[in-house]
Amino acid sequence: MAYEMLSGSQAAAAAVQRANVDLVAAYPITPQTAIVETLANFEAKGELGGDFVSVESEYAALACCYGAAAAGARVFTATASHGLAYMHEVIHWCSGARVPVVMVNVNRAIGAPWCLDPDQGDSLSQRDTGWMQIYCSGAQEVFDTVLQAYVLSEELLLPCLVVFDGFYISHTYEAVDVPEKEKTLEFVGEKKFKAQVIPGAPANLHGLTTGDNQILLVKNRHETMIKAIDLFKDVNKKYEEFFGRSYKVVDSVIPPGSTTVFMAAGATVETIRWALPELDDCGLIQLRMFRPYPAEELCAILEAHEVERVIVVDRNCSVGMGGIFSQELRAALYKMEKPPVVEDLILAGGIDLTVEMLHKALEPVNEDRLTDQKWGVDVR
Amino acid sequence: MENEMLEFRIHGRGGQGIVVAAAIFAEAVFMEGYYARAFSLFGAERRGAPVTAFIRAGKNRLMPRSRVYHPDYVAIFDSTMTGASLVSGLKKSGTLLLNSKNDFKNSLFKDIPRDMDIKTFFVDATDIAWKHNLAIGSFPMVNTVMLGAMAHNSGMASLDSLVESIRKRVSARLEENIAAVKEGFESVKEVGSFVN
């Protein structure tokens with residue numbers, strides 16, 4: 000193992016540098032800047048292996064990646080917050096056009112007012128754009144997931160968003176095993192997808208169609224994306240053989256007899272995991288893959304452990320409804336015979352999660368159960 | 000150190016190299032065979048704005064991903080910073096390291112609760128930084144001096160590991176920085192067990 004002390008952002012850039020990428024087009028934004036900076040440094044030293052395009056905006060960054068991917072290139076971009084929101088139209092387009100793109104989004108709250116803390120609302124507001132979304136809980140996971148995202152994206156011809164929290168991951172230096180480039184290139188493999196844009200063979204791409212055709216395309220995209228759940232398992236089997244590490248779409252640590260579990264995605268996972276020994280009879284579910292949504296896997300875990308209560312840690316809020324991860328879980332549980340109660344700990348604004356807050360989250364919600372929500376700001 | 004985890008908090012200002020210092024310290028701790036993480040909190044910072052960095056070090060790879068609220072060790076890189084929030088949560092028998100010309104003059108002491116039994120150290124990092132020509136304009140870069148002092152009294156990183164990490168991470172004025180880290184290591188003084 001060749002460990003390097005890297006920040007989450009540097010780990011993402013290190014993976015891109017080891018993935019034989021043809022083109023990087025990116026625009027810096029806090030807290031993602033170090034990704035762009037690190038890749039630009041690779042480029043300056045001639046170590047990137049592909050082209051680095053400095054663009055005038057995030058919209059241009061993704062549009063540039065789209066065009067290159069349509070011409071058969073392996074591409075990368077990264078952004079956060081307002082940058083992701085600004086890309087929105089092209090985010091849809093990449094998925095509909097079935098080009099493989101890997102993008103990192105470093106979670107940051109969206110204004111107004113300006114805020115840099117890691118609210119997940121930026122990536123979650125792109126939930127319905129037809130991209131896979133994978134949430135990472137640390138720098139090693141970031142490195143490994145970016146490499147795996149290329150395999151998933153190129154196999155399924157669907158773009159993939161790799162997501163992690165600003166500061167708590169992006170700016171945290173920790174030991175990351177960075178394998179030899181030779182091995183990572185072998186893992187990611189040669190590009191096999193076909194170029195849509197071919198010089199000398201003009202064609203009209205993605206022209207006007209009708210709903211009757213569009214529905215078939217959407218259905219196909221949906222059915223293809225569902226395959227990512229099984230493909231993720233295969234990809235991780237291969238990754239384990241290559242590098243001795245693997246991940247699941249949903250991970251769980253549920254000690255025998257635990258009837259309550261916390262569920263989280265991103266950096267808060269490790270705070271909960273750390274606190275488990277002092278949280279009596281509590282388990283943890285880590286939601287790694289959010290799109291496609293691993294409903295069956297989640298229900299199977301909850302059923303097997305006869306979980307009665309799930310407290311979802313949502314570093315986000317769909318205003319007017321509540322935490323987004325908790326809503327998605329509730330929607331997935333309706334087929335269960337005895338679904339658990341789902342409560343929500345809302346850390347909107349990207350506020351810090353402490354062990355003390357987890358203890359308070361375990362206290363019963365209002366006796367009249369008027370609400371299943373607790374706000375992080377009320378339990379600090 | 001068997002199962003426990005030590006938590007550090009560094010206070011300083013943008014431009015003093017707080018973020019880099021935390022990464023260097025974490026790397027040096029890792030070289031000693033412990034796991035370590037360093038992270039920083041800042042806004043859209045400018046030179047001179049307050050910056051806080053956190054380091055965790057321990058035998059376990061698994062650590063919480065939250066800020067440090069109850070540090071075992073607080074290092075204050077900027078001699079002009081004051082206020083109770085700098086020492087808030089410091090453990091009763093924790094360690095405080097100050098960039099200060101002398102021991103008992105620092106106004107921080109009035110902010111330390113009376114029942115504390117902390118070990119207090121000081122080093123004149125500003126003066127040492129000037130001496131080694133480590134200033135950007137009129138702004139002394141005290142980070143490597145303070146790292147040397149932290150290595151001396153925290154027991155978590157050796158001077159050799161620090162120097163090795165600095166060689167990897169610092170390109171400007173490398174030899175001056177290495178001289179500064181060594182002088183910080185040698186110059187740190189203990190005030191004595193400080194009971195307010």
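Protein chains in written order, with numbering that gives the first Met the number 0: chain C, 0 to 379; chain S, 0 to 195.
Quick reminder that beta carbons are idealized off the backbone N, C-alpha and C, glycines included.
*Compare the C-beta of residue 332/C with all C-beta atoms of chain S and state if any pair is closer than 8 angstroms.*
The count along the first sequence starts at 1 and reaches residue 332/C at position 333. Chain S has no Cβ within less than 8 angstroms of the Cβ of residue 332/C.
_Counted within 10 angstroms of its Cβ, other Cβ atoms place residue 170/S as buried (16 or more) or exposed_ = Walking along the second sequence from the start, residue 170/S turns up at place 171. The residue is exposed, with fewer than 16 neighbouring Cβ atoms inside 10 Å.
*Beta-carbon of residue 184/S versus every beta-carbon of chain C: anything under 8 angstroms?*
As a position in the second sequence, residue 184/S is number 185, starting the count at 1. Chain C contact via Cβ: absent.
_chain S contact for residue 262/C (CB, 8 angstroms cutoff)_ = As a working mapping, residue 262/C is identified with position 263 in the first sequence. Output row for residue 262/C: interface = no.
*Compile a chain-ordered list of the residues in the segment 352-367 of chain C whose CB is closer than 8 angstroms to at least one CB of chain S.*
For the segment 352-367 of chain C, the set of residues with a beta-carbon nearer than 8 angstroms to any beta-carbon of chain S comprises 352, 353 and 354, in chain order.
_Can you pull out the residues from the segment 20-52 of chain S whose beta carbon lies closer than 8 angstroms to at least one beta carbon of chain C?_
21, 22, 25, 26, 29, 34, 35, 36, 37, 38, 39, 40, 42 and 43
*Mind reading off the beta-carbon distance from residue 89/C to residue 61/C? Whole number of angstroms is fine, and I expect it under 8 angstroms.*
One-based indexing of the first sequence puts residue 89/C at position 90. One-based indexing of the first sequence puts residue 61/C at position 62. Right, their Cβ atoms sit about 4 angstroms apart.
*Looking only at its own chain, which residues have a Cβ that is under 7 angstroms from the Cβ of residue 0/C, when we skip the five neighbours before and after it?*
The residue labelled residue 0/C in the question sits at position 1 within the first sequence. For residue 0/C, where only same-chain residues beyond five positions count, the Cβ hits under 7 angstroms are 176.
*Within 8 angstroms (strictly less), CB to CB, does residue 324/C reach chain S?*
Your numbering for residue 324/C matches position 325 in the first sequence. False, the Cβ-Cβ gap to chain S never drops below 8 angstroms.
_For residue 98/C, report the span of its beta strand (DSSP E) as first-last._
Mapped onto the first sequence, residue 98/C falls at position 99. For residue 98/C, no beta strand (DSSP E) segment is defined, and its DSSP state is neither H nor E.
*Does the separation of the CB atoms of residue 186/C and residue 265/C fall below 8 angstroms?*
Numbered from 1 along the first sequence, position 187 holds the residue referred to as residue 186/C. Numbered from 1 along the first sequence, position 266 holds the residue referred to as residue 265/C. Going by beta carbons, residue 186/C and residue 265/C fall outside the 8 angstroms limit.
*Limits of the beta strand (DSSP E) - the one that residue 284/C falls within*: Here residue 284/C corresponds to residue number 285 of the first sequence, with the count starting at 1. First-last of the beta strand (DSSP E) with residue 284/C: 281-286.
*Let me know the secondary structure DSSP gives residue 180/S once reduced to three states.*
For the purposes of this step, residue 180/S is taken as the residue at position 181 of the second sequence. If DSSP states are grouped into helix, strand and coil, residue 180/S belongs with the helices.
*Just reading off the alpha helix (DSSP H) that residue 239/C is part of, what are its end residues?*
The residue you call residue 239/C lines up with position 240 of the first sequence. Per DSSP, residue 239/C belongs to the alpha helix (DSSP H) from 210-242.
_Below-8 angstroms beta-carbon distance, residue 107/C vs any chain S residue_ = For the purposes of this step, residue 107/C is identified with residue 108 of the first sequence, where counting begins at 1. Cβ-Cβ to chain S under 8 angstroms: no for residue 107/C.
*How should residue 425/C be labelled, buried or exposed, when 16 other C-beta atoms within 10 angstroms of its C-beta is the threshold for buried?*
Missing from the structure shown is residue 425/C; chain C here goes from 0 to 379 and no further.
*Test item: CB-CB of residue 22/C and residue 45/C under 8 angstroms*: Walking along the first sequence from the start, residue 22/C turns up at place 23. Walking along the first sequence from the start, residue 45/C turns up at place 46. Contact: no.
*Is residue 130/C close to chain S, meaning its C-beta is less than 8 angstroms from at least one C-beta of that chain?*
Working through the first sequence from its first residue, we reach residue 130/C at position 131. Judged by the 8 angstroms Cβ criterion, residue 130/C is not in contact with chain S.
*Indicate whether at least one CB of chain A lies closer than 8 angstroms to the CB of residue 62/S.*
Within the model displayed, chain A is absent; protein chains C and S are what it includes.
*Would you say residue 295/C reaches chain S, if we count a Cβ-Cβ gap shorter than 8 angstroms as a contact?*
Walking along the first sequence from the start, residue 295/C turns up at place 296. Not an interface residue.
*Starting from the Cα of residue 271/C, find the closest Cα among 310/C, 132/C and 238/C and give me that residue.*
On the first sequence, position 272 is the one that residue 271/C refers to. For residue 271/C, the closest of 310/C, 132/C and 238/C by C-alpha to C-alpha distance is 310/C.
*asked:* Counting only Cβ pairs nearer than 9 angstroms, list the residues of chain S close to residue 272/C.
replied: As a working mapping, residue 272/C is identified with position 273 in the first sequence. Ordered by position in chain S, the residues that pass the 9 angstroms Cβ test against residue 272/C are 61 and 63.
*Can you say whether residue 14/S is buried or exposed, counting buried as having 16 or more other CB atoms within 10 angstroms of its CB?*
Taking the first residue of the second sequence as position 1, residue 14/S is located at position 15. With 16 or more other Cβ atoms within 10 Å, it is buried.
_Neighbour list for residue 269/C in chain S, Cβ cutoff strictly below 8 angstroms_ = Working through the first sequence from its first residue, we reach residue 269/C at position 270. Chain S residues near residue 269/C: 61, 62, 63 and 64.
*Is the segment 175-187 of chain S touching the segment 139-149 of chain S, taking contact as three or more C-beta pairs under 8 angstroms?*
yes
*asked:* So the candidates are 279/C, 378/C and 197/C; which of them puts its Cα closest to the Cα of residue 66/C?
replied: Translated into the one-based positions of the first sequence, residue 66/C becomes position 67. When each option's Cα is compared against that of residue 66/C, the closest is 197/C.
*asked:* Can you pull the chain C neighbours of residue 72/S, defined as C-beta to C-beta under 8 angstroms?
replied: Counted from its first residue, the second sequence places residue 72/S at position 73. In chain order: nothing, as chain C lies at least about 17 angstroms away.
*Any C-beta of chain S under 8 angstroms from that of residue 347/C*: As a working note, residue 347/C is residue 348 in the first sequence. Chain S, which has no Cβ nearer than 8 angstroms to the Cβ of residue 347/C, makes this no.
*Given a threshold of 16 other Cβ atoms within 10 Å of its Cβ, counted over all protein chains shown, does residue 137/S qualify as buried or as exposed?*
Here residue 137/S is taken as the residue at index 138 of the second sequence, counted from 1. Flag for residue 137/S reads exposed.
_Check for me: the beta strand (DSSP E) holding residue 60/S runs from which residue to which?_
For the purposes of this step, residue 60/S is identified with residue 61 of the second sequence, where counting begins at 1. Segment: none, residue 60/S is in no beta strand (DSSP E) and carries neither H nor E.
*Would you please state the rounded distance, in angstroms, between the beta carbons of residue 335/C and residue 302/C? I believe it to be under 8 angstroms.*
For the purposes of this step, residue 335/C is identified with residue 336 of the first sequence, where counting begins at 1. For the purposes of this step, residue 302/C is identified with residue 303 of the first sequence, where counting begins at 1. Sure, about 6 angstroms apart at Cβ, within 8 angstroms.
*Looking at C-alpha atoms only, which residue of 348/C, 78/C and 342/C is the closest neighbour of residue 360/C?*
Against the first sequence, residue 360/C aligns to sequence position 361. The shortest C-alpha separation from residue 360/C is found at 342/C.
_Helix, strand or coil, according to DSSP, for residue 12/S in the structure here?_
Numbered from its first residue, the second sequence carries residue 12/S at position 13. The answer is strand: DSSP assigns residue 12/S an E or B state.
_For residue 316/C, three-class secondary structure by DSSP_ = By one-based count along the first sequence, residue 316/C stands at place 317. If DSSP states are grouped into helix, strand and coil, residue 316/C belongs with coil.
*Output yes if chain S places a C-beta closer than 8 angstroms to the C-beta of residue 170/C; else output no.*
Counting from 1 along the first sequence, the entry for residue 170/C is found at position 171. At least one chain S Cβ lies under 8 angstroms of residue 170/C.
*asked:* Can you tell me whether residue 1/S is buried or exposed? The criterion is at least 16 other CB atoms within 10 Å of its CB, across all chains shown.
replied: For the purposes of this step, residue 1/S is taken as the residue at position 2 of the second sequence. Confidence at residue 1/S is low in this model, with a pLDDT of 45, below 50, so its placement is unreliable and the value that follows should be read with caution. Exposed, since its Cβ has fewer than 16 Cβ neighbours within 10 Å.
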